[in-house]
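If you count by the numbering used here, then the sequence shown holds residues 3 to 259, one letter each, in order. Report on one structure; see the data block that follows.
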Amino acid sequence: MKLSFNHVHKQYSGLPVVDDFNCEIEDGELVALVGPSGCGKSTLLHLAAGLAEASSGSVLADGKKITRPHPERMLMFQENALYPWLTLEANVSLALELQKMGKAAARTQARAWLEKVNLQGFEAYYPHQVSGGMRQRAALARAFITKPQALLLDEPFGALDALTRMTLQDALRQLIRAERPTVLLVTHDVDEALFLADRILVFSPRPAKVLREFNLTHHEKTHDLSEFSTVRREILCLLGIHADQDELSKTLEGVGV
């Protein structure tokens, strides 16, 4: 699925949040949005999900205007949002049951997906009985089980410790390689963006404006991101982190801000 943002503006009660955003995300591409908290990144996800409407401009999925949520575009939040009264298997199968699949068939697929995210043996456990990382694995299985054409991820691993987060990043990348959805990822973790993304868009403070785009398509990646040290430093500089004021000013002048 190709996602297109065409001259998108968004305001809430007169407060500008997104300012003339233009971007095309090709079918099967993973684009990461990085920027300060409150700059409008999550708003762009909500627009793509059909949970919000642009104040002006348009958001398209395969050339058609997005006006409402659709199972082809799956939104996954930082909180796993599993139902505490359902087992992991039941939580994952529910996504199919809501699409009118029979319970037996849905449970069979749920077990297969739980195995794909290394949760075999935990099908009958309830969310409170497993770790945060395991709950997020179940949430990944639930997100992928309906085979969405676009996956919209809002800080999906932000609440996890560093080691668990890296493990989940590996699992996510394997699932993406196998299923090939288009992915729009919002993250504050620059290393996560470098590891997962084909492209990174770095945003200014609100209202969201792209300061710079980084294309990482032609790199084979591991968690050893040493080859990206220059890119990482440039992104952090754009975000005002580990950069002196002169260096930051020169960088912002270079992108016309």
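Don't be surprised by glycine CBs; every beta carbon is placed ideally from N, CA and C.
Pick from the options that is closest to residue i, judged by C-alpha positions
i      : options                           : result
PRO86  : ALA143, VAL61, ARG137 and LEU241  : ARG137
ASN217 : ILE237, ALA143, LEU241 and LYS211 : ILE237
ALA50  : ALA107, GLY37, PRO38 and CYS25    : CYS25
ARG182 : VAL204, ILE68 and LYS149          : LYS149
GLY65  : TYR14, PHE7 and ARG113            : PHE7
SER133 : GLU31, LEU90 and GLN171           : LEU90
GLY40  : ARG234, CYS239 and HIS190         : HIS190
Inter-residue CB distance, residue i and residue j (contact presumed, cutoff 8 angstroms)
i      : j      : result
ASN200 : VAL33  : Correcting the residue identity first, residue 200 is Asp in this sequence and not Asn. Yes, they are in contact, since the Cβ atoms of ASP200 and VAL33 sit about 7 angstroms apart, within 8 angstroms.
LEU5   : ALA63  : 6 angstroms
PRO158 : MET103 : Not confirmed; about 25 angstroms, so no contact.
Alpha helix (DSSP H) segment containing residue i, residue limits
i      : result
THR232 : 231 to 240
LEU32  : Counting along the chain, LEU32 falls outside any alpha helix (DSSP H), though it belongs to the beta strand (DSSP E) covering 32 to 36.
ASN120 : Looking at the DSSP string, ASN120 is not in any alpha helix (DSSP H), and its letter there is neither H nor E.
LEU98  : 90 to 99
MET136 : 134 to 147
Unbroken beta strand (DSSP E) run spanning residue i, endpoints
i      : result
ILE27  : 17 to 27
ALA51  : Counting along the chain, ALA51 falls outside any beta strand (DSSP E), though it belongs to the alpha helix (DSSP H) covering 43 to 51.
GLN131 : Careful: GLN131 lies outside any beta strand (DSSP E) and carries neither H nor E.
TYR14  : 5 to 14
MET103 : Unbroken run through MET103: none, as it is neither H nor E.
ALA63  : 58 to 63
ARG75  : 75 to 78
LEU153 : 152 to 156
Runs of alpha helix (DSSP H) lying entirely within the segment 161 to 233, each at least 4 residues, in chain order:
164 to 181 and 192 to 198
At a cut of 8 angstroms, does the segment 201 to 212 reach the segment 8 to 23 through at least three beta carbon pairs? yes
Tell me whether the segment 107 to 116 and the segment 87 to 95 touch, counting them as touching only if at least three CB pairs, one residue from each stretch, are closer than 8 angstroms.
yes
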